[in-house]
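> In full-length UniProt numbering, the protein residues as written are 1 to 348.
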């Protein structure tokens, strides 16, 4: 492991600050927070009005003096103070009192692969503001691989793809470390934006709110596959008149619009495989790719990757919370490092 398992066992709380959702794991209590990373602020007084799911429902529906903010972007904290306030409200007063009783509170946080020092410092400062005396940083790829049950510590190749809201991370792991990895600025938000842009340019239709996922509207049945319905009915607002309008959209055209941002994901997978040693690539031919993350649930995405790579593709059992579950498993000491016994010197 790139991070000391012994240090992680001493941590009391683990946090996964994602662009879409924030999750908190408390030792002995399990997963206690799983809420959207959104906060609503009163710009007149500076006070917080709502956080989590309630704040997300306010998106696009607020008066001018209420601002809905997202303090995390692409797995990186962009507003430390707002992230701290959001976490305090998500944890609640009772849980924060329990954590304050710890004499030396230790915390662990998931960070994206190859996060720059400024992003790492922002994550540390966010948890220090909650009272943590020490913060351990864990690569999201390793935490997600542990969370979905991959044999990370074994000398065999495992390939994982973390499909987030803002980024997609692809990596090959062996012996508890990352052999080669690639981080791509394409995620669920880019796929949503491609659908929104297609509806605007081809049908002059605007969707009613950001809180309604356009994929759930445009893709029904078998989603990205050609077995889905030929036509989908979508309700929105006319760009020219501003009136409500219903259009029948050809789902084949929607699939083509979605494939455009996904081509960069396929390019990233190809680059990771080219940089990987041949022996590990041979292992991947049997094991294939494991998909985790909220965007891994996009219908038909796994089949598209199978067709493009020719490798087996599996979606983890609970892909959206694999990273925080893996972090919790390392904190609880359920992961044992591979012990390498040094070779004894042969005496003549």
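Ideal Cβ positions, reconstructed from N, Cα and C, are used throughout, including at glycine. The model shown is predicted, which means the values in this text are computed figures rather than measured ones.
Quick one, are the C-beta atoms of residue 4 and residue 182 less than 9 Å apart?
Counted from its first residue, the chain shown places residue 4 at position 4. Counted from its first residue, the chain shown places residue 182 at position 182. No, the pair does not count as a contact, with Cβ atoms beyond the cut-off.
> Give the range of the beta strand (DSSP E) segment to which residue 30 is assigned.
Position 30 of the chain shown, counting from 1, holds the residue named residue 30. Unbroken beta strand (DSSP E) run through residue 30: 30 to 36.
> Inspect the beta-carbon positions of residue 288 and residue 313 and report whether they are closer than 9 Å.
Numbered from its first residue, the chain shown carries residue 288 at position 288. Numbered from its first residue, the chain shown carries residue 313 at position 313. Yes, they are a contact pair.
> How many angstroms separate the CA atom of residue 285 from the CA atom of residue 279?
As a working note, residue 285 is residue 285 in the chain shown. As a working note, residue 279 is residue 279 in the chain shown. Those two C-alpha atoms are separated by around 10 Å.
> Which runs of the beta strand (DSSP E) fall wholly inside the segment 53 to 124 and span at least 3 residues, in chain order?
Correct list: 66 to 69 and 106 to 111.
> How should residue 198 be labelled, buried or exposed, when 16 other C-beta atoms within 10 angstroms of its C-beta is the threshold for buried?
For this step, residue 198 is matched to residue 198 along the chain shown. Flag for residue 198 reads buried.
> In three-state DSSP terms, what is residue 136?
As a working note, residue 136 is residue 136 in the chain shown. DSSP places residue 136 in strand when its eight states are reduced to three.
> Residue 116 to residue 138, Cα distance in whole Å?
Here residue 116 refers to the residue found at position 116 when the chain shown is read from its first residue. Here residue 138 refers to the residue found at position 138 when the chain shown is read from its first residue. Residue 116 and residue 138: Cα-Cα distance of roughly 14 Å.
> In terms of residue numbering, what span does the beta strand (DSSP E) encompassing residue 163 cover?
For the purposes of this step, residue 163 is taken as residue 163 along the chain shown, with counting starting at 1. Following the DSSP letters along the chain, one finds residue 163 inside the beta strand (DSSP E) bounded by residues 158 to 163.
> Residue 291 bridges to which residues according to DSSP?
Locating residue 291 in the chain shown gives position 291, counting from the first residue. In the DSSP output, where bridge partners are listed per residue, residue 291 has 161 and 315.
> Just confirm the distance between the C-beta atoms of residue 13 and residue 107, as a whole number of angstroms; I'd bet it's less than 8 Å.
For the purposes of this step, residue 13 is taken as the residue at position 13 of the chain shown. For the purposes of this step, residue 107 is taken as the residue at position 107 of the chain shown. Their Cβ separation, rounded to whole angstroms, is 5 Å, which keeps residue 13 and residue 107 in contact under 8 Å.
> Can you find at least 3 beta carbon pairs, one from the segment 264 to 278 and one from the segment 179 to 194, that sit closer than 8 Å?
yes
> Tell me which same chain residues have a C-beta within less than 7 Å of the C-beta of residue 89, skipping the five on either side of it?
Translated into positions along the chain shown, residue 89 becomes position 89. For residue 89, the CB contacts under 7 Å within the same chain, skipping 5 residues up- and downstream, are 48 and 51 in chain order.
> Residue 85 and residue 37 look like a contact to me (Cβ under 8 Å); what is the Cβ gap, rounded to whole Å?
Here residue 85 corresponds to residue number 85 of the chain shown, with the count starting at 1. Here residue 37 corresponds to residue number 37 of the chain shown, with the count starting at 1. Going by Cβ atoms, the distance from residue 85 to residue 37 rounds to 12 Å, so no, they are not a contact pair.
> Below 8 Å, can you find three or more Cβ-Cβ pairs linking the segment 27 to 47 to the segment 189 to 205?
Short answer: they don't touch.
> Using the beta-carbon count (16 or more within 10 Å), is residue 231 buried or exposed?
Against the chain shown, residue 231 aligns to sequence position 231. Exposed, since its Cβ has fewer than 16 Cβ neighbours within 10 Å.
> If residue 205 and residue 169 are in contact, beta carbons under 8 Å, what's the gap, nearest whole angstrom?
Position 205 of the chain shown, counted from the start, is the residue given in the question as residue 205. Position 169 of the chain shown, counted from the start, is the residue given in the question as residue 169. Actually they are not in contact, since the Cβ atoms of residue 205 and residue 169 sit about 33 Å apart, beyond 8 Å.
> How many Å lie between residue 148 and residue 172 at the Cα?
Residue mapping note: residue 148 aligns to position 148 of the chain shown, counting from 1. Residue mapping note: residue 172 aligns to position 172 of the chain shown, counting from 1. About 15 Å.
> Per DSSP, what are the beta-bridge partners of residue 246 in this structure?
In the chain shown, the residue the question calls residue 246 occupies position 246. Paired residues: 235.
> If you draw a straight line from the C-alpha of residue 76 to the C-alpha of residue 247, how long is it?
On the chain shown, residue 76 is found 76 positions in, with the first residue counted as 1. On the chain shown, residue 247 is found 247 positions in, with the first residue counted as 1. Each residue's alpha carbon lies about 38 Å from the other.
> Below 8 Å, how does it come out for the segment 325 to 339 and the segment 23 to 31: are there three or more Cβ pairs, yes or no?
yes
> Quick one: give me the first and last residue of the beta strand (DSSP E) that residue 16 is part of.
Walking along the chain shown from the start, residue 16 turns up at place 16. Start and end: 13 to 17.
> Could you check whether residue 165 and residue 322 sit closer than 9 Å to each other, using their CB atoms as the reference points?
Here the question's residue 322 lines up with position 322 in the chain shown. Here the question's residue 165 lines up with position 165 in the chain shown. In this structure, residue 165 does not lie closer than 9 Å to residue 322 by Cβ.
> Which partner residues does residue 230 have in the DSSP bridge list?
Position 230 of the chain shown, counting from 1, holds the residue named residue 230. Answer is none; residue 230 lacks a bridge partner.
> When DSSP builds the beta bridges, which residues end up paired with residue 263?
Here residue 263 is taken as the residue at index 263 of the chain shown, counted from 1. Looking at the DSSP assignment, residue 263 forms no beta bridge with any residue, so it has no partner.
> For residue 269, name the three-state secondary structure that DSSP assigns.
On the chain shown, residue 269 is found 269 positions in, with the first residue counted as 1. DSSP, read as helix, strand or coil, puts residue 269 in helix.
> Which class does residue 335 belong to by DSSP, given the choice of helix, strand or coil?
Looking up residue 335 in the chain shown gives position 335. Of the three classes helix, strand and coil, the one that applies to residue 335 here is coil, per DSSP.
> With a CB to CB cut of under 6 Å and the five nearest residues on each side skipped, what residues in its chain are close to residue 235?
Within the chain shown, residue 235 is the residue found at index 235, counting from 1. Answer for residue 235: 246, listed in chain order.
> Give me the Cα-Cα distance between residue 60 and residue 126, rounded to the nearest whole angstrom.
In the chain shown, counting from the first residue as 1, residue 60 sits at position 60. In the chain shown, counting from the first residue as 1, residue 126 sits at position 126. Roughly 27 Å separates the two Cα atoms.
> Does DSSP put residue 153 in a helix, in a strand, or in coil?
Locating residue 153 in the chain shown gives position 153, counting from the first residue. Correct three-state label for residue 153: coil.
> Counting only the same chain and skipping the five closest in sequence on each side, list residues whose C-beta sits under 8 Å from that of residue 239.
As a first step, residue 239 must be located in the chain shown, where it is residue number 239. 200, 204, 205 and 206.
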